[in-house]
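Its first residue numbered 27, the sequence shown is counted upward by one per residue in this note's numbering. Where a beta carbon is used, it is the ideal one built from N, C-alpha and C, also for glycine. Computed from a predicted structure; not experimentally measured. Only one structure is covered here, and it is reproduced in the block below.
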Amino acid sequence: MARFWVCAAGAGFFLTFLVLHSCFCGSPNILYRLDVGWPKYSEHFTGTTFCVAVDSFNGLVYVAQRGDNMPKVLVFTEDGYFLRAWNYTVDTPHGIFAASTPYERSVWITDIGNGSYGHTVKKYNSFGDLVQVLGTPGKKGTDLNPLQFDNPAELYVEDTGDIYIVDGDGGLNNRLFKLSQDFTMLWLHGENGTGPTQFNIPHSVTVDSAGRVWVADRGNKRIQVFDKDTGEWLGAWDNCFTEEGPSSVRFTPDGKYLIVAQLNLSRLLLLEAPPVGSIGSCSVVSTIQLADQVLPHLLDVDRKIGAIYVAEIGAKQVQKYVPLKSYFLSLGS
27 MARFWVCAAG AGFFLTFLVL HSCFCGSPNI LYRLDVGWPK YSEHFTGTTF
77 CVAVDSFNGL VYVAQRGDNM PKVLVFTEDG YFLRAWNYTV DTPHGIFAAS
127 TPYERSVWIT DIGNGSYGHT VKKYNSFGDL VQVLGTPGKK GTDLNPLQFD
177 NPAELYVEDT GDIYIVDGDG GLNNRLFKLS QDFTMLWLHG ENGTGPTQFN
227 IPHSVTVDSA GRVWVADRGN KRIQVFDKDT GEWLGAWDNC FTEEGPSSVR
277 FTPDGKYLIV AQLNLSRLLL LEAPPVGSIG SCSVVSTIQL ADQVLPHLLD
327 VDRKIGAIYV AEIGAKQVQK YVPLKSYFLS LGS
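If you want it as structure tokens, here you go:
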């Protein structure tokens, strides 16, 4: 078993100790190291950092934080330089996603606030101008027409424009939507419970290259998997989550590993992705153990180099973890 210890000071002088455990010695491409130089100045984190999104196409990182009298969205370069901040129509952000293609660049935020823009899923341009609002602003609910949310947790937007939304960070709903790029409902699973297609706090969603939708069903301590075209239930993983359920799910750029955050354990898991046509059971490839009370909430992955950005609500910061292969290559450049 390979072990590496890294120590770095984060926002508010929060000290983080990072331990990386690998099940496969001699495979540095599946190990990660803390990038102690990201961001360049952590003083920009003035609130509680709940979510982070990477625009890999343009080399930008968006961080959403909560608190009074402070900017809600911070924009950094992938090298850690602060660019700008905006606060328009954002009340209480929970999840954030950067949709970036050669044709469009946008930032989506799930807002669980009780203000006039709360309980919505909102689309912005990269400078914070509001473009689209999904849901009924300021009104939580269960209706589909008009569409209502209650504490929408996160979303994932494909390059095609199709949108997957998990609605249920402890509110009335426990739902998974798929919407088309023109916001037509394509399919829905929306029932509280413990059976297949049922949820208890669906908290994060992502899509793999094989056309499967992966949902962090946090309250049920499992990940559920669906066919992205039909919504058919394909299986579930629960054997890796006996201690605590998953709070965030994202794939590495090569699609080989699923990265999962466990909030109260302050831990990241790298899980082996199953082959097409088989879900099987969960297999832990490696573990990134953070300090107690760091509390990793939601994370995102750079599609180009595989860097992991983690929004830590306990440490009130976002930290960047780099694959060791990429890290050593950058040292030599």
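In the structure shown, residue 351 falls within a helical segment according to DSSP collapsed to helix, strand and coil.
Only residues of its own chain outside the window of five on either side were considered, and among them 161 have a CB closer than 6 angstroms to the CB of residue 173, listed in chain order.
For residue 330, the CB contacts under 8 angstroms within the same chain, skipping 5 residues up- and downstream, are 82 and 279 in chain order. The Cβ-Cβ distance between residue 338 and residue 320 falls below 8 angstroms. Judged by their CB atoms, residue 227 and residue 261 are not nearer to each other than the 8 angstroms cut-off. Closest in alpha carbon position to residue 58, among 75, 312 and 79, is 312.
Contact between residue 324 and residue 217 fails: their C-beta atoms lie close to 24 angstroms from each other, not under 8 angstroms.
Scanning the region 284 to 349 for uninterrupted beta strand (DSSP E) segments of 3 residues or longer gives 293 to 298, 310 to 315, 322 to 327, 334 to 338 and 343 to 349, listed from N- to C-terminal end. At the C-beta level, residue 175 and residue 200 stay beyond 8 angstroms of one another.
With fewer than 16 other CB atoms across the displayed protein chains lying within 10 angstroms of its CB, residue 268 is exposed. Closest in C-alpha terms to residue 91, from the list 340, 351, 346 and 350, comes 340. Using a 10 angstroms sphere on the CB of residue 61, the tally of other CB atoms reaches 16 or more, which defines it as buried. Distances from the CA of residue 304 to each of 314, 275, 322 and 259 were compared; the closest alpha carbon is that of 259. The shortest CA-to-CA distance from residue 309 to any of 214, 283, 182 and 205 is the one to 283. Of the candidates 117, 213, 98 and 124, the residue whose Cα lies closest to the Cα of residue 252 is 213. With respect to residue 156, residue 114 sits close: the two C-beta atoms are nearer than 8 angstroms.
Take the alpha-carbon of residue 191 and the one of residue 286: they are about 18 angstroms apart.
Between the alpha carbons of residue 342 and residue 306 lies a gap of roughly 36 angstroms.
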